[in-house]
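Enquirer: I'd like to ask some things about the structure below.
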Amino acid sequence: MPKIQISPSILSADLARLGDDVKAVLDAGADVIHFDVMDNHYVPNLTFGPAILTALRDYGITAPIDVHLMVEPVDDLISQFADAGANMISFHPEASQHVHRSLQLIKQRGIQAGLVLNPGTPLSVLDEVLHELDFVLIMSVNPGFGGQQFIPHSLDKIKRLQQLINEKELNCYICVDGGVKTDNIAEITAAGASYFVAGSAIFNADDYQQAISTMRDNAEQ
Ligand code: DX5
Ligand code: ZN
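Note that the sequence shown covers residues -2 to 218 in our numbering.
If you want it as structure tokens, here you go:
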């Protein structure tokens, strides 16, 4: 089984003191920081641009940063987030006219590349590009907002994706984003995921360290 990674989504952080809140979740054991980029066009919400990522780097955040682009189009922002210091970049295939080209833009910069599948997007969109991907991010809610309920059908989708990855003998890991909590992470891991985005479950907890270690323990069981 690949290493379990816990990636707090800053969408649920205290935005007035973002740098300190990011430091706090890293001190509490987070592996990666999940950076949700929304453009009020591809999704009905508006969040963070590359200047915020640069500001976090300037504030001394050296941990890996996972940029989830919910924007359309994607290519220009891929370059900007690469310049700002992203370590992983993913986008939604519906938002790029040329998915293969957009993936190459990420990979050419030495950044891990992923595609994000909405709950209504079939696995078949991966047919011609799965071998190019470092990871697939399965959305277990519709994108745009934190604090939504995990959609149970996502478990079946993760299982089918894991089967596909095994059949093709690929080194692609499965990430899950949306409604991940301490009490459902075990079954999501059992389905095949190893990377967990969690916004409200971590940032709304009184004790970040306890929330993250409980998630990790439940996932590793
Ligand atoms: C939703 C975002 C998620 C969101 C997850 O569009 O991609 O990363 O922050 O939030 P929770 O964990 O609260 O469902
Ligand atoms: Zn996300």
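We treat Cβ as the ideally placed atom computed from N, Cα and C, and that holds for glycine.
If you draw a straight line from the alpha carbon of Ala216 to that of Ala79, how long is it in whole angstroms?
Expert: Roughly 31 angstroms between the two C-alpha positions.
Enquirer: Just verifying my parser: in three-state terms, what is the DSSP assignment at Tyr39?
Expert: Coil at Tyr39, not helix or strand.
Enquirer: Here's the rule I'm using: 16 or more other beta-carbon atoms within 10 Å means buried, otherwise exposed. How should Tyr237 be labelled?
Expert: Any answer about residue 237 is impossible in this case: the structure gives the chain only from -2 up to 218.
Enquirer: Taking 7 angstroms as the cut-off, does the CB of Ala216 come closer than this to any heavy atom belonging to ligand 1?
Expert: It does not: the Cβ of Ala216 is nowhere closer than 7 angstroms to a heavy atom of ligand 1.
Enquirer: Are the stretch 126 to 137 and the stretch 151 to 170 touching, with three or more C-beta to C-beta distances below 8 angstroms?
Expert: Yes, the stretch 126 to 137 touches the stretch 151 to 170.
Enquirer: Hey, how far is the Cα of Gln145 from the Cα of Val173?
Expert: Roughly 13 angstroms separates the two Cα atoms.
Enquirer: Could you round the C-beta distance between Ala83 and Leu127 to whole angstroms and report it? I think they count as a contact, below 8 angstroms.
Expert: Not confirmed; about 22 angstroms, so no contact.
Enquirer: Would you give the residue range spanned by the alpha helix (DSSP H) that Ser197 belongs to?
Expert: Here the alpha helix (DSSP H) through Ser197 covers 197 to 200.
Enquirer: Within a Cβ cutoff of 7 angstroms, which residues of the same chain sit near Ile182, ignoring the five residues on either side of it in sequence?
Expert: Here the set comprises Phe193, Met212, Asn215, Ala216.
Enquirer: Quick check on the burial criterion: 16 or more other C-beta atoms within 10 angstroms. Buried or exposed for Gln2?
Expert: Classification for Gln2: buried.
Enquirer: Helix or strand or just coil, what does DSSP make of His128?
Expert: Of the three classes helix, strand and coil, the one that applies to His128 here is helix, per DSSP.
Enquirer: Rounded C-beta distance between Pro140 and Met85? I'm assuming under 8 angstroms.
Expert: Going by Cβ atoms, the distance from Pro140 to Met85 rounds to 17 angstroms, so no, they are not a contact pair.
Enquirer: Only counting runs of 3 or more residues, tell me where the beta strand (DSSP E) segments fall wholly within the stretch 159 to 198, in order along the chain.
Expert: Runs found: 170 to 174, 192 to 195.
Enquirer: Would the beta-carbon of Ser93 be found less than 7 angstroms away from any heavy atom of ligand 1?
Expert: No - ligand 1 has no heavy atom lying nearer than 7 angstroms to the Cβ of Ser93.
Enquirer: Tell me which same chain residues have a C-beta within less than 6 angstroms of the C-beta of Ala190, skipping the five on either side of it?
Expert: So the qualifying residues of the chain are Ile155, Ile171, Val173.
Enquirer: Check whether the Cβ atoms of Ser6 and His38 lie closer than 8 angstroms to each other.
Expert: Not closer than 8 angstroms, so no.
Enquirer: What is the DSSP secondary structure of Pro61, counted as helix, strand or coil?
Expert: Coil, per DSSP.
Enquirer: Closer than 6 angstroms by C-beta to Ser93: which residues in its own chain qualify, once you throw out the five before and the five after it? Chain order, please.
Expert: Cβ neighbours of Ser93 beyond the five flanking positions: Val71, Ser99.
Enquirer: Which first and last residues belong to the beta strand (DSSP E) in which Phe45 is found?
Expert: Unbroken run through Phe45: none, as it is neither H nor E.
Enquirer: Have a look at Asp63 and His97 and give me their C-alpha separation to the nearest angstrom.
Expert: Roughly 20 angstroms separates the two Cα atoms.
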